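Chains as they are written, first to last, in the UniProt record's numbering: chain U, 1 to 414; chain P, 1 to 167; chain G, 1 to 358. Even for Gly, the Cβ is constructed at its ideal location relative to N, Cα and C. These figures come from a predicted structure and were not determined experimentally.
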Amino acid sequence: MAKIDKKAFPFSKQWLDDRLALTTVMKVLNTEYWIPKNINFLWAMGMVLAATFGVLVISGIFLLMYYVPTVEGAFDSVNYTIMTEVGYGWLWRHIHGIGASLVFLIIYIHLFTGIYYGSYKRGREMIWISGMLLFVLFSAEAFSGYMLPWGQMSYWAGMVITNLFSGGSLEAYSFVEWIRGDYVPAQAFLGRFFMLHVFLLPLIIIATIVFHFATLRLPHVNNQEGKEVDFDESARLWKEGTVESRKKSEVIPFSPVFLSKDIFVMGVYFILFFYLVFYNFDFAMDPVNFDPADGLKTPAHIYPEWYFLWSYEILRPFSKDVGLIAFAVAQVALFALPFIDRSPNVAPASKRGLFKYWFWTLLVIMIALTALGKLPPTDPVFAAMGLVFAVAFLLMGPALYIITKFEKKIEEGA
Amino acid sequence: MSTRRDFMGMALGGFTAVGAVGGFYAAKRTWDPLPSVKAAGSTIVDLSQAKEGEPMTEKWRGKPIFVLRKSADMPAHERDVVVKGVRYHVSIALCTHLGCIPAYKKASKTFFCACHGGVFDTSGINLPGLPPPSPLEIPPFAIEGNTLVLGSEGPEYLALKKNNLVV
Amino acid sequence: MKELKIFGVVAFFSLLTYYLVEPYAHHAMHAKFDAQGNEIKIESHGFVYDGTTEAAASAVAISDLEYKIGKEKDAKLKASLEKKLTLAKDVQAKKATFWKEVATIGQLTGNAKAGEAAFASCTGCHNGLNMNMGGVIPPNLDHAGALYDENYLIALLKDPAMASNVDHKYADTMLHPMGSIKGTMSHQQIADVVTYLKEKKAAEPTAKTAFMEACVRCHAMRYDKVTQLGDIPKTKENIKTGHDIDAMKYAQKVAEEQATLAGYMGKLPPDLSMIIRARSEHFMETFIEDPQTQLPGTSMPRVGLSEAGYEKVHEYLMDIGDPSKPARDMAGPWVLGFFFIFTILAYLWKSHQWKDLH
């Protein structure tokens, strides 16, 4: 047993340190967790995501108190009880809806930041992989949550997405029925997606967020130039504490210096967030879902929420089997990014020759796919464009491999 | 530098706390009983249904209510509710000891609680020497024609309350 | 500054994506086109009923058919298209004549007193008793003068199916429940009755009353405890069994009324509790003005609300479908103000933290 100061006053600093090593924990997690100085506001997206997740959990708790997970009660519990009767129920619902949409906007910004600055390479592969895992988990969380109001879009999205698991020509309909617990989305389906949404998935997400943080520990956060920082030397300089040594140091502590910037960025973000909550929430709460679920009437247009559109569009232009394979490839392709990129450089895309063009092309393709995913495929122009961009997306993988294979190594200090 | 820095940090923290208070207010309102629950808090009792000398049970805010139309041989009491010259005993049918529901015994003309043997007479008065500490409680009521509206406080109820007769 | 430039890039791509998946995609999704691929713009006409929407629909139908006939090679198909064209032209002429006559009646000076006497024969059906007649409950007319457009009322008394723009439904054997009135009233009588309605039934209705008179016989509003038979009566459960027999009896009556209604309309008209969130403002306005413009062939009749009448109904739909609007408008500025000040304070804190770092 460790040495304990028997005279320490209960719950005093010394007393807590003896039992919990509080000072050490604070140092490890905050005041001596080093972040490079050379960063911009995009580095705050991680904490913005953490804050958004927190807001989603809190608003979700209040919704959970009045939500009724039955096919007869779900729609009215959301649209009547929560929106009309519960004090500030509308606020929690709007926050939850906007949060679910914005969390994906920030995830995409976070993800493209990582690609642009090459933050998935040279020891940072696990950061990327755990991050992609979180993307998949958040997608599952968003999808399961979308089922809960049990409107027309909930029902038909549930129908279409679970049908994907029939595996095209494999015709594994018994597997689809197993997933649904019924022939169509019904009570069993709603019950299990409710469980997934409010319990199992959040639990796994929290664990994965902790893991994502842990993966940052050894390789450290990347910086704007992709420079290899001598963290030990910089930390020593910072701890020296003079204005001069701190200027020379290339790092800052997570708390309070890095955090002060994060919180400013969060402030700007929450202005946008609450503007949407109060004045422009329709985009996150589709009108079609205000019609109650009706298994005998398909809505004229079925489309997923905007953050799923690009992968949905990869499915759409092909025949059933090819579409499914393309869709499956698209889901896992991004996971493999650190291994497809053969370049030795960790640097912003602007300094990486052809990679620069690859990056902006990828962004444009994904935005184009997102738009086409919602535009009516009955229009021949849109349908043709969908095919072109879906093929282009699939070719981006091999293209990256070739481009980076021939990428010249950037000399340090160049 | 450090004092200034601390000041800004504290100002931000303090301001955030103000926002948190707003958030807690919204959360508190979310926990409040729903308007529909409150609206369902009144029950109308049709007194023409009451049979003389036999209590009927009504439900008000989830609790049972005794309404007993007194017969001539039942002693009058200042706790009685008089509607159109007829005397009624009205009370929440929960024993004032630990909240069990007493049963009416026709033979002895008393309300008997099986849990710990408490006994109340036809005016809801607890018999001495037994566990119940006080008479059966009278719920708030208002008289409207030949009906009682349980849940709203009419002048007759307020008069009883003023004389400390409702508990 | 570099960070602002980066922010500009992020904002540009975010807004571009938003524009594409929201305004642009929704426009593309709901756009209607004629046979030649020209977009048909559906616009509101300020709740004026003079045959404009019918004329526009006929014009599109005729030009579509002419275009198709011009392209059709198969003689047999061509002949059938030509037959359709003749029919469409008939409809066009019939409607034009009808609305011209309505306009003539509109010129007459009505006598309210004579109208009142003539109106007595209407109260046999329009009695507010919630009795289904010929498939549907006749509407209560207590506030008809305030709710409905004058021209529409004239048209309705002249030919109910034509006024409601559901004449296609009654082309074969089906009878309009009020069809017997067609041709039984003289033009002067029509003018008299409409004058009477406009003068004597013009008391200002509440938003809910407007909805109850104009919509409820077909549409329920369960979030306000309203069924096709009106407000759900208060009933009480039997304390010994826990069953509320009166409520069950009422539910059965509603179910029976709904079955009759669904038989008559083809399907049960939807509950409107959430309709204000499920459809856009533009859709609601143009649809109520003339349902055929948004859903060609629908069995929903045009109800003939005047602009003021529509505003009342709309107000009620908002009250029930979007009850949090007043609370949002109240709390919004405070919350946004809070985060503005929060951001300024956070910026000051950040500036001090980062002051001597470079």
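Opposing strand residues paired with residue i [DSSP bridges]
{"i": "P:R79", "result": "Answer is none; P:R79 lacks a bridge partner."}
{"i": "P:K105", "result": "P:T110"}
{"i": "U:S249", "result": "U:S249 is not bridged to any residue."}
{"i": "U:S154", "result": "Bridge partners of U:S154: none, in fact."}
{"i": "P:Y88", "result": "P:R69 and P:V81"}
{"i": "P:P126", "result": "Contrary to the premise, residue 126 of chain P reads as Asn rather than Pro in this sequence. Note: P:N126 sits in a beta bridge opposite P:F120."}
{"i": "P:I44", "result": "P:V149"}
{"i": "G:M133", "result": "G:V136"}
{"i": "P:K63", "result": "P:W60"}
{"i": "P:E52", "result": "P:R69"}
{"i": "G:Y148", "result": "G:L305"}
Beta-carbon proximity check, residue i vs residue j, cutoff 8 Å
{"i": "G:A210", "j": "G:G309", "result": "yes"}
{"i": "P:K70", "j": "P:T122", "result": "yes"}
{"i": "G:E289", "j": "G:N165", "result": "no"}
{"i": "P:L12", "j": "G:W354", "result": "no"}
{"i": "U:I35", "j": "U:F254", "result": "yes"}
{"i": "U:E313", "j": "U:L372", "result": "yes"}
{"i": "U:W128", "j": "U:Y120", "result": "yes"}
{"i": "G:M330", "j": "G:S273", "result": "no"}
{"i": "G:E315", "j": "G:A207", "result": "yes"}
{"i": "U:H212", "j": "U:L134", "result": "yes"}
{"i": "P:G117", "j": "P:S42", "result": "no"}
{"i": "G:G183", "j": "G:N151", "result": "no"}
{"i": "G:A278", "j": "U:F290", "result": "yes"}
{"i": "G:H126", "j": "G:P205", "result": "no"}
{"i": "U:E305", "j": "U:A142", "result": "yes"}
{"i": "U:L276", "j": "U:I58", "result": "no"}
{"i": "P:A26", "j": "U:L91", "result": "yes"}
8 Å Cβ cut-off: residues of chain G touching residue i
{"i": "U:I367", "result": "F13, L16, T17 and L20"}
{"i": "U:G54", "result": "Those do not exist, as U:G54 stays about 16 Å from chain G at its closest Cβ, beyond 8 Å."}
Interface residues of chain G facing residue i [CB-CB closer than 7 Å]
{"i": "U:K374", "result": "V21 and A25"}
{"i": "residue 417 of chain U", "result": "Residue 417 of chain U lies beyond the range of chain U shown here (1 to 414); nothing can be said about it."}
{"i": "U:G267", "result": "F339, F342, T343 and A346"}
{"i": "P:T57", "result": "I239"}
Residue i burial status per 10 Å Cβ neighbour count (16 or more: buried)
{"i": "G:L295", "result": "exposed"}
{"i": "U:M266", "result": "buried"}
{"i": "G:T227", "result": "buried"}
{"i": "U:T84", "result": "buried"}
{"i": "G:I245", "result": "exposed"}
{"i": "U:G60", "result": "buried"}
{"i": "U:T370", "result": "buried"}
{"i": "G:P269", "result": "buried"}
{"i": "G:S80", "result": "exposed"}
{"i": "U:Q152", "result": "buried"}
{"i": "P:M1", "result": "In this prediction, P:M1 has a pLDDT of 43, which is less than 50 and means its spatial position is unreliable; nothing more can be read from the coordinates."}
{"i": "U:F406", "result": "exposed"}
{"i": "U:M26", "result": "exposed"}
{"i": "G:H358", "result": "exposed"}
{"i": "P:W31", "result": "exposed"}
{"i": "G:A346", "result": "buried"}
{"i": "G:Q252", "result": "exposed"}
{"i": "G:K76", "result": "exposed"}
{"i": "G:G37", "result": "exposed"}
{"i": "P:A20", "result": "exposed"}
{"i": "U:A414", "result": "Its pLDDT being 47, under 50, U:A414 is placed unreliably by the model, and nothing is read from it."}
{"i": "G:P233", "result": "exposed"}
Within chain U, partners of residue i - CB distance below 9 Å
{"i": "P:G41", "result": "Simply none; closest approach about 15 Å."}
{"i": "G:W99", "result": "Correct list: empty, because the minimum Cβ distance to chain U is about 31 Å."}
8 Å contact criterion, which residue i and residue j should meet: CB distance rounded
{"i": "U:Y269", "j": "U:V48", "result": "5 Å"}
{"i": "U:A100", "j": "U:G145", "result": "6 Å"}
{"i": "U:L296", "j": "U:Y303", "result": "No, U:L296 and U:Y303 are not in contact; Cβ-Cβ is about 20 Å, not under 8 Å."}
{"i": "P:A76", "j": "P:R87", "result": "6 Å"}
{"i": "P:V83", "j": "P:I138", "result": "The Cβ separation is near 14 Å, so there is no contact."}
Chain U contact residues for residue i, given Cβ-Cβ distances below 7 Å
{"i": "P:R29", "result": "G87 and Y88"}
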